[in-house]
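Numbering of the sequence shown is given in our numbering, commencing with residue 326 and proceeding in unit increments.
The beta carbon of each residue, even a glycine, is placed where N, CA and C say it ideally should be.
Note that this is a predicted model, so its numbers are computed, not measured.
Read through the structure below, which is laid out as structure tokens, and then see the notes.
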Amino acid sequence: MPQPTILSVDDSPINQQIIKEILEDQYNIELAFSGEECLKLTPVVSPNLILLDVSMPGLDGYETCKKIKSTPDLQNIPVIFVSAKVSRDHKLQGYEAGGYDYITKPFNYNELVAKIKNVLESVTEKANLQNNLQESFNTAMQAMSYSSDLGNILRFFESSHSCKDFDQLSNTIFQTTSQLGLSCALRIDSLEKPTYVTDQNVIAPLEISVFEAATAKKKRFFHMGEKTIICFPHISMLVRNMPIENEERYGTLKDTIFTLVSGAEERVKSLILEMRLDDSRNKMQKNFSNTLAEFNSKHNELTEKNIKAIQSMISDINAALIALDLSDFQEANIIEIIQSYSEKSKGILHETFRLHEKIAALETTLSEEFKTLIEIRDTKIESNNDITH
326 MPQPTILSVD DSPINQQIIK EILEDQYNIE LAFSGEECLK LTPVVSPNLI LLDVSMPGLD
386 GYETCKKIKS TPDLQNIPVI FVSAKVSRDH KLQGYEAGGY DYITKPFNYN ELVAKIKNVL
446 ESVTEKANLQ NNLQESFNTA MQAMSYSSDL GNILRFFESS HSCKDFDQLS NTIFQTTSQL
506 GLSCALRIDS LEKPTYVTDQ NVIAPLEISV FEAATAKKKR FFHMGEKTII CFPHISMLVR
566 NMPIENEERY GTLKDTIFTL VSGAEERVKS LILEMRLDDS RNKMQKNFSN TLAEFNSKHN
626 ELTEKNIKAI QSMISDINAA LIALDLSDFQ EANIIEIIQS YSEKSKGILH ETFRLHEKIA
686 ALETTLSEEF KTLIEIRDTK IESNNDITH
């Protein structure tokens, strides 16, 4: 550990020599022989303590001390006045000038050494206390900041469950990043080509290129100065203004946005699944409706042909019966048989109509079941939202 530096200021070479001989084994001693020289030398040597004579030509000790204490970079250096003037008024004047202590000339060896030691220990203790207080303050501020960040993330999770599409989710993310003091852009990889959104008016083409390069490498984090990219399979975030000058805040925000994008990734996956379910439902319903329409059309066509065929058959048989010259009994018997089978054919057609009605009812039931599935899905989303509360 380097020796503390003491700057001794006195216009008397003899006094300076005595002080140097007393202290040089324990301290690094610098000498100044006037107030003006003291003011020039102090910023250069950065002493831990100044021994300052009161009575000097030019600037006296009091004025020199006042100038030291009015200089921001020097004002915390303790000053001990060394003087033959020991009245209460002189000591009060020294205190008003900013002095820390007062030693009477001619000084006692033990008193000088003891006071210097006490002052330096006191200054060190004060500096340590200030450092501890500053560290405690910084820790408290960091904890408050982290608590605020955590609150923003929890609110995001709460709101994200009710997002019905990517636009709503993006807006919710940007609300959160705005509260964190961050400017961001997003890349969402859904069912089709990637979608790019930004909290600014338009995303820069170069930012799209950066997204493409980052996602292709399949790494979680990319750092480019104050810009950071966090990549997940379905959503990636570009942060434009990470606080790289504040290491603690940078680390906290890095963890915070990782949690944010991780939660957004889960919601994007859920939305993709919901989109697939909706798409499958729509396709199935459309295919079923088309099939039913085709069935109805074909059924109507066949029914009409069947009726015409029966009518034509009856007409042809009646004509044939006249030509056959059958008895009334024979003719009536044949007509009865024909009419019997005609009624059976109509019964079959009636059953076909009933089948058609059942298929139509099935379409209605399936449609209602699809609606129920959607309601169950939405109920789960709302339930998750309630749990967040």
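- Looking at 455, 347, 476 and 526, the one whose alpha-carbon comes closest to that of residue 442 is 347.
- For residue 387, the enclosing alpha helix (DSSP H) stretches over residues 386-394.
- By the Cβ rule, the stretch 544-563 does not count as touching the stretch 603-615, because fewer than three pairs are nearer than 8 Å.
- Rounded to whole angstroms, residue 355 and residue 331 show a C-alpha spacing of 6 Å.
- Approximately 20 Å separates the beta-carbon atoms of residue 432 and residue 448; this is outside 8 Å, ruling out the contact.
- Under the three-state reduction of DSSP output, residue 355 falls in the strand class.
- In this structure, residue 528 sits away from residue 519, with a CB-CB distance that is not shorter than 8 Å.
- One Cα belongs to residue 501, the other to residue 569, and the distance between them is close to 20 Å.
- In this structure, the beta-carbon distance from residue 515 to residue 597 falls below 8 Å.
- The residues 524, in chain order, have a CB closer than 8 Å to that of residue 503 in the same chain once the five nearest residues on each side in sequence are set aside.
- Residue pairing by DSSP places residue 511 opposite 522 and 562 in a beta bridge.
- Residue burial is scored here from C-beta neighbours: residue 690 has fewer than 16 other C-beta atoms within 10 angstroms and is therefore classed as exposed.
- Residue environment for residue 633: exposed (fewer than 16 other C-beta atoms within 10 angstroms of its C-beta).
- Annotation for residue 488: no alpha helix (DSSP H) segment contains it, and DSSP assigns it neither H nor E.
- When 455, 510 and 592 are compared, the shortest CA-CA separation from residue 531 is found for 510.
- A distance below 8 Å between beta-carbons, with the five flanking residues on each side excluded, links residue 418 to the following residues of its chain, in chain order: 387.
- At a Cβ-Cβ threshold of 8 Å, residue 379 and residue 345 do not count as neighbours.
- Boundaries of the beta strand (DSSP E) around residue 555: 552-556.
- Counting the other Cβ atoms within 10 Å of the Cβ of residue 484 gives 16 or more, which makes it buried.
- In the DSSP assignment, residue 414 falls within the alpha helix (DSSP H) that extends over 413-422.
- Annotated as proximal: residue 477 and residue 505, with beta-carbon spacing under 8 Å.
- When C-alpha distances from residue 487 are compared across 599, 640 and 564, the shortest belongs to 599.
- Here residue 377 carries a strand assignment [DSSP, helix/strand/coil].
- Residue 328 and residue 542 have their C-alpha atoms roughly 54 Å apart.
- In this structure, the alpha-carbon of residue 444 lies about 9 Å from that of residue 405.
- In terms of Cβ geometry, residue 359 and residue 382 form a close pair [threshold 8 Å].
- Ranking 585, 414 and 610 by CA distance to the CA of residue 561 puts 585 first.
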